[in-house]
Amino acid sequence: MDTEVKEPPMQSPVIWALLGLVIERPSYAYELAQRFDRTFEGALTLSSTSRVYTALGTLQKRGLVEEVSGTRTGRQPKPRYRATARGAADYRDWLVGQFDDNRRRQRLFVLQLAALARDAESAFELVARFEQACVKEASRTPVSSHNGSSPAPATDLVTRLLSEENRLVVAATLAWVQYVRRELVALTEQRRGAQQ
Numbered sequence: 003m004d005t006e007v008k009e010p011p012m013q014s015p016v017i018w019a020l021l022g023l024v025i026e027r028p029s030y031a032y033e034l035a036q037r038f039d040r041t042f043e044g045a046l047t048l049s050s051t052s053r054v055y056t057a058l059g060t061l062q063k064r065g066l067v068e069e070v071s072g073t074r075t076g077r078q079p080k081p082r083y084r085a086t087a088r089g090a091a092d093y094r095d096w097l098v099g100q101f102d103d104n105r106r107r108q109r110l111f112v113l114q115l116a117a118l119a120r121d122a123e124s125a126f127e128l129v130a131r132f133e134q135a136c137v138k139e140a141s142r143t144p145v146s147s148h149n150g151s152s153p154a155p156a157t158d159l160v161t162r163l164l165s166e167e168n169r170l171v172v173a174a175t176l177a178w179v180q181y182v183r184r185e186l187v188a189l190t191e192q193r194r195g196a197q198q
């Protein structure tokens with residue numbers, strides 16, 4: 003009987019983010035740490051540069067990255083790592099899985115909000131706080147100034163993608179908040195009518 007032991011899936015967004023950086027461009031550990039800080043500032047943090055070495059070991063053990071041959075030379079060898087085909091494929095699968103995770107978290111939020119349906123005052127207060135958090139997040143996203151007349155550098159593309167994603171999410175969320183308010187008002191009025 004062949005019983006292959008499967009490794010548990012990687013859960014660390016930091017390790018996945020580092021794999022993405024290696025896919026983008028082969029790098030050595032210290033360079034990855036610097037790129038990580040610039041790329042994910044405010045979204046993810048490294049506990050220390052040594053975390054990159056640990057992550058690279060994990061990625062290499064799983065066959066997601068490999069050392070570029072001939073880079074361990076000189077007085078201070080700096081092995082460079084590149085993604086394997088499997089690493090690129092697993093990364094794409096992980097990115098798609100993030101959509102499912104986000105939808106599951108949002109669904110859970112709505113289900114948990116329903117627990118406050120009997121206490122209209124608390125529900126209205128929570129929805130107002132949720133709306134404020136949404137508006138605050140919208141104010142943090144930079145607005146792209148690219149005019150579209152020439153190819154944009156990759157950094158401008160990222161800024162535009164983030165800006166548009168944020169604009170669409172905020173608009174949809176604020177519309178949903180208004181819908182929740184209308185539903186709570188209707189529920190409250192229905193209960194008042196039933197009590198009379």
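What the sequence shown shows, in the numbering used here, is residues 3 to 198, in sequence order.
Idealized CB from N, CA, C, for every residue including glycine.
Just so you know, these numbers come straight off a predicted model, no measurement behind them.
message = I'd like to check one pair, Ala45 with Ile17: are the Cβ atoms closer than 8 angstroms?
response = no
request  = Have a look at Leu159, Lys138, Arg120 and flag the residue whose alpha-carbon is nearest the alpha-carbon of Glu191.
outcome  = Arg120
task = Measure the alpha-carbon distance for Val67 versus Tyr30 and round it to whole angstroms.
result = 12 angstroms
inquiry  = Is the beta carbon of Gly65 closer than 8 angstroms to that of Leu21?
reply    = no
ask   = What do you reckon, are the CB atoms on Gln70 and Tyr83 nearer than 8 angstroms?
value = Reading off the sequence, residue 70 comes out as Val, not Gln. Yes, these two residues count as a Cβ contact at 8 angstroms.
inquiry  = Given a cut-off of 8 angstroms on the beta-carbon distance, is the pair Val129 and Val182 in contact?
reply    = Yes, Cβ-Cβ distance for Val129 and Val182 is below 8 angstroms.
request  = For the alpha helix (DSSP H) containing Glu139, list its first residue and its last residue.
outcome  = 122-142 is the span of the alpha helix (DSSP H), which, as asked, contains Glu139.
Top-ranked residue by Cα proximity to Arg63, from Phe42, Thr86, Ser50, Ala116 = It should be pointed out that residue 63 corresponds to Lys in this sequence rather than to Arg. For the set Phe42, Thr86, Ser50, Ala116, the Cα lying nearest the Cα of Lys63 is the one of Thr86.
task = For Tyr83, write down the residues that DSSP places opposite it in a beta bridge.
result = Ser29, Glu69
Where Ala64 sits in the DSSP three-state scheme = Note that residue 64 is Arg in the sequence shown here, rather than Ala. If DSSP states are grouped into helix, strand and coil, Arg64 belongs with coil.
key: Leu23 beta carbon less than 8 angstroms from that of Phe1   = Residue 1 lies beyond the stretch modelled for the chain, which goes from 3 to 198, so this question has no answer here.
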